[in-house]
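Below is one structure, written out as structure tokens, with a few remarks after it.
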Amino acid sequence: MSERRWNPTLEQWVLTATHRQDRTFLPPADYCPLCPTAPGAAKEYETDIPAPEYDIAVLENKFPSLRYPAPVPDVEGTELYPVGPGEGVCEVVLYTQQHNETLTVQPLHRIERLVRVWQDRFADLASRPFVDYVFIFENKGKVIGVTIDHPHGQIYAYPFVPPVAKTEIDAARRYRECTGRRLWDDILDEELRDGRRIVASNANWVALIPFYARYPYEVHLMPRRHLTTITEFTKTERWDFARILKVVLQKYDNLWGFSMPYMMVMHQAPTDGGDYDFYRFHVEFYPPHRTETKLKYLAGSESGAGVFINDTLPEVKAEEFRNVEPFYMEP
Amino acid sequence: MEKQEVTKEDGRIVYFYTFDDETEAESAEETRE
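Note that the protein sequences, when read in sequence, are chains E and D.
When we follow my numbering, the leftmost residue of the first sequence carries the number 19, and every step to the right adds one.
When we follow my numbering, the leftmost residue of the second sequence carries the number 659, and every step to the right adds one.
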């Protein structure tokens, strides 16, 4: 079952998806459902991928939080507690058929291919009338809660604009109304003028730990040109995006010499038909490590009050991260 | 880039993406490999 229930106190939808309790949990490498099916494999040894090999593949999640058509909700809504069907799409993006690799170690041309796949999935999902927001993300590492080790990301196509995006969009709209300028134009201008929080850059993209970072190593990727979605990249911007993405991923792994866990999320304009020219595409990374051996937990203040406490200064962490190999500061 | 769509027995769709030789050459040029 999956449905959405309205929380009137926070004015947010909560998805219930009880079938996900039974989802695959850390299977052994030789029984990975996201690896190709071996040629001639018996039925019981078939994986979720009906092919003996693949380059990049995308499949609908076996245990989706959202689906279309969605089942009828388990409970009836009321005026206080509206309930809706969990309409949407949940996809899994398989970066490679190689089980033990990560996105970081993919050659640049394969990351550029992945960007094209993300663009295709965004355009496809955005064209579906029940989809208001396409959210591309990756959860990496057991400490994030990943249940399958195979290198993959995910895409959720929501039937509403999720609250974090809505908060950013509302702020950008108000900023535009008050100043006549775009919020992310001014953020990027100020970060470039200051310079202390820039960690990598090329002709089309800037990687930085923003002034308002909540995690010690919270890197954002921002396009220099105004873009609202991933489908607006020029070919050069796409290649430069792949380059700076790989650089940031390499820096994460080189920081302490292990494969860094993280959440990577893409914030884009909604696909509900509205005008979001004041908003800007960008990527945010949330690595949970605050030191090599210590994690940042979302505890009372963060979870209960919505107030993040960052134990570090973004200016200090950015200098440290900028100097981790590979050094990449193209004009 | 080409996309092949396969529907599994349980109704779920898998998209297989493939990339042609021309793209590979273009990649090599772009990446200066």
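Here a beta-carbon is modelled for each residue, glycine too, at the ideal position from N, C-alpha and C.
Exposed unless 16 or more other CB atoms sit within 10 angstroms - verdict on W31/E: buried
Chain D within 8 angstroms of E119/E, Cβ atoms only: E119/E does not count as touching chain D.
Stretch-stretch touch, CB-based, cutoff 8 angstroms, three pairs: the stretch 123-138 of chain E with the stretch 250-260 of chain E: yes
Endpoints, the alpha helix (DSSP H) within which C196/E is located: Membership of C196/E in the alpha helix (DSSP H) is indicated by the continuous run P181 to T197.
Listed by chain order, chain D residues near V135/E by CB distance under 9 angstroms: M659, K661, Y673 and Y675
Span separating the alpha-carbon of T665/D from that of A88/E: The alpha-carbon atoms of T665/D and A88/E are separated by roughly 18 angstroms.
Alpha-carbon to alpha-carbon, S145/E and I248/E: 14 angstroms
G171/E, DSSP secondary structure in three states: strand
Where A59/E falls, given that 16 or more other Cβ within 10 Å makes a residue buried: Its Cβ having fewer than 16 others within 10 Å, A59/E is exposed.
M282/E, buried or exposed, once every other Cβ within 10 Å from all chains shown has been counted against 16: Taking all protein chains shown into account, M282/E has 16 or more neighbouring C-beta atoms within 10 Å of its C-beta and is therefore buried.
Residues that V76/E contacts on chain D, provided the C-beta gap is smaller than 8 angstroms: V672, Y673 and Y675
Chain D residues whose Cβ lies nearer than 8 angstroms to that of I154/E: Simply none; closest approach about 15 angstroms.
Test: P68/E CB closer than 8 angstroms to a CB of chain B: Protein chains E and D are contained in the structure displayed, whereas chain B is not.
DSSP three-state assignment for P70/E, whether helix, strand or coil: coil
Touch test, the stretch 240-255 of chain E against the stretch 339-346 of chain E, Cβ-Cβ under 8 angstroms, three pairs minimum: They do not touch, by the three-pair rule.
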